[in-house]
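The letter at position 19 of the sequence shown is residue 18 when you use numbering that gives the first Met the number 0, and the numbering goes up by one with no holes. Backbone N, C-alpha and C fix where the C-beta goes; we use that ideal spot for every residue, glycine too. See below for the structure under consideration.
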Amino acid sequence: MKNFLNRWLGRKRCVICGRKPVDPSRYYNDEGRAVVVCRTCVTYAERRAFRKR
Ligand SMILES: [Zn+2]
Numbered sequence: 000m001k002n003f004l005n006r007w008l009g010r011k012r013c014v015i016c017g018r019k020p021v022d023p024s025r026y027y028n029d030e031g032r033a034v035v036v037c038r039t040c041v042t043y044a045e046r047r048a049f050r051k052r
């Protein structure tokens, strides 16, 4: 359920923590979807092999 919400709100909220990103970075996740990642989760995004866009 949380994963679903994250995908659904992926454009506006951080795809990892689900909060509104303060300083969002744009990434593509491992499915090639455009997502937003907040600054604190960027390192996690890099580990998940998200691609910057
Ligand atoms: Zn986050």
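> According to the Cβ coordinates, are V34 and Y26 closer than 7 Å?
Replying inline: yes
>> Using C-beta distances below 7 Å, list every residue in its chain close to R52, excluding the 5 sequence neighbours before and after it, in chain order.
In response: R25, Y26, Y27, A33
>> Helix, strand or coil, according to DSSP, for R18 in the structure here?
In response: coil
> By Cβ distance below 7 Å, which residues in the same chain neighbour A48 in space, the five residues on each side in sequence not counted?
Replying inline: D29
>> Quick check on A48: does DSSP put it in helix, strand or coil?
In response: coil
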